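Numbers given in my numbering equal positions in the sequence shown, counted from 1, plus 9. Contents: one structure, followed by commentary.
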Amino acid sequence: MPYHSTRELAESFDPGYEGRFQHNFGWQPQPGQSRKTFRPFPEDLPKAEATHQNPLSERVSEHIRRLYAADIRFLDDQVSRLVDATRARYGESLIIVLAADHGESLGEHDYFFDHGDYTYNAGLRIPLAIVLPPKHPLHGSGRCPGWVSLVDVAPTLFDLLDSETPATVSAQMEGRSLVRCLEGKSLQTQPVFAESGHSFYFDHVDRRVRNDVDGRFRAVILDGWKLVLTPFLPDEEAWELFDLKRDPHEEENLFRDDHPEFRRLRSHLGEWLKSGRESSAETAISAEADDQEALRALGYIE
């Protein structure tokens, strides 16, 4: 949010639609408008209701999904302009990394037009592109199959730059270099981990028990399987196991205590949680007034 491309793109992605939110969903501040008074959601559709209860009809919701697609198409054009302008200004020797910090849920698991509250794939999957100089031997290498992670970016850049990673840095890096993949070679299988963020409307979040760091959803993905943990639920309710190859939308929980994939993924997740790579201390949300206004302006709180 907001999903705001251009009038022409919005109309091309849903021809003939003339209902509510015809050209955008959510609004940008107008020139000169203070972010302290700006709210991206309409007064009759506050964020908590829009994202967790969504009273809109399926037709309007489908139109909003198409607005999001139009927004992505608009972004593609801007990325192209950005790369061209960067090359023109700084030359063609740069390595450019394009990434994002989250995906977006558009109704999956009854969670609409937002991100961060859950660890389902709609919110986890992001674009990650490494644009190499035109004369680089790996320029245009194509895609890496399988799951990779943002923690892989730093090791990959050190490798591409043929730069020795300082010991103090490498000791803190969880990821692996993706250069082997760019060379057409197979990558060593490695689990990908994820966790949810702070929930600004905790009472609306399904299953979550506590809204502190320890209470975050955790997930691990490996070899086409995914395991999600909801801390502080009884053990038989705390786990969700998905076969992503057969069930990419994570709709069928296959958890059984004796399932071999559950036991394998639980072991990986347990090692990660014990490894010290995350803080177990409470992260209090005690923002000053200005910070809270900034959060409101960005649409995180009302």
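Where is the CB? At the ideal position from N, CA and C, for every residue including glycine. Remember, it's a predicted structure, so these values are computed and weren't measured experimentally.
Residue i (DSSP reduced to helix, strand or coil)
i    : result
K283 : helix
A163 : helix
K235 : strand
F22  : helix
S179 : helix
S288 : The predicted position of S288 is uncertain, since its pLDDT is 40 and thus under 50; a value taken from the coordinates is nonetheless stated next. Reduced to three states, the DSSP call for S288 is coil.
P244 : In the sequence as presented, Pro is not what sits at residue 244; that position holds Asp. It is helical.
F83  : helix
R227 : strand
S70  : helix
H13  : strand
D123 : strand
L250 : strand
E259 : coil
E27  : coil
E204 : strand
F211 : helix
F271 : helix
N33  : strand
V140 : strand
D266 : coil
K56  : helix
G129 : It should be pointed out that residue 129 corresponds to Tyr in this sequence rather than to Gly. Coil, per DSSP.
D221 : coil
D171 : coil
V188 : helix
R48  : coil
R152 : coil
Option nearest residue i by Cα separation, candidates the options
i    : options                : result
L91  : L107, A78, S102        : L107
A247 : R272, P257, R217, E261 : R217
W36  : L282, F121, E52        : E52
G279 : S208, F202, F251       : F202
R68  : K144, K283, F209, Y26  : Y26
F121 : L282, V214, D266       : V214
G233 : Q62, T95, F271         : F271
Y210 : T15, D123, P11, K194   : D123
L236 : D221, D212, S276       : S276
T15  : A78, S43, R189         : A78
P154 : H13, A176, T198, D221  : T198
S179 : V188, F167, C190, P269 : F167
F147 : T95, I104, D110, S158  : In the sequence on display, residue 147 carries Leu and not Phe. Comparing Cα positions, the closest option is I104.
P243 : Q87, V222, R255, D266  : D266
K283 : F264, V157, D223       : D223
E245 : E259, R255, F264, E260 : F264
H118 : H13, W281, E259        : E259
A57  : D221, D212, H13        : D212
Distance between beta carbons of residue j and residue i, contact taken as under 8 Å
i    : j    : result
R134 : G112 : 5 Å
L274 : V229 : 5 Å
F241 : R219 : 6 Å
E101 : P143 : 6 Å
L76  : N33  : 6 Å
N262 : L250 : 6 Å
L231 : P257 : Between P257 and L231 the Cβ distance is about 15 Å, and since that is not below 8 Å, they are no contact.
D10  : P49  : One point to set straight first is that residue 10 is Met, not Asp, in the sequence displayed. Indeed, because the Cβ distance is near 6 Å, the residues count as touching under 8 Å.
E204 : R227 : 5 Å
G206 : G125 : 4 Å
The ligand SAM heavy atom lying under 7 Å from the CB of residue i
i    : result
Y120 : Ligands in the displayed structure: none, and consequently the ligand SAM is not present.
Segment contact flag, the stretch 135-144 with the stretch 65-72, C-beta cutoff 8 Å, min 3 pairs:
Taking a contact to require three or more Cβ pairs closer than 8 Å, the stretch 135-144 and the stretch 65-72 do not qualify as touching.
Check whether the stretch 124-134 touches the stretch 171-181, taking contact to mean three or more Cβ pairs, one atom from each stretch, closer than 8 Å.
no
Any 3 or more C-beta pairs closer than 8 Å across the stretch 78-88 and the stretch 17-27:
Two segments are said to touch when three or more pairs of C-beta atoms, one from each, lie closer than 8 Å; by this definition the stretch 78-88 touches the stretch 17-27.
Examine the Cβ distances between the stretch 151-166 and the stretch 181-196 and report whether three or more of them are shorter than 8 Å.
yes
Please list the segments of the beta strand (DSSP E) lying wholly inside the stretch 88-123, counting only runs of 3 or more residues, in order along the chain.
105-107, 121-123
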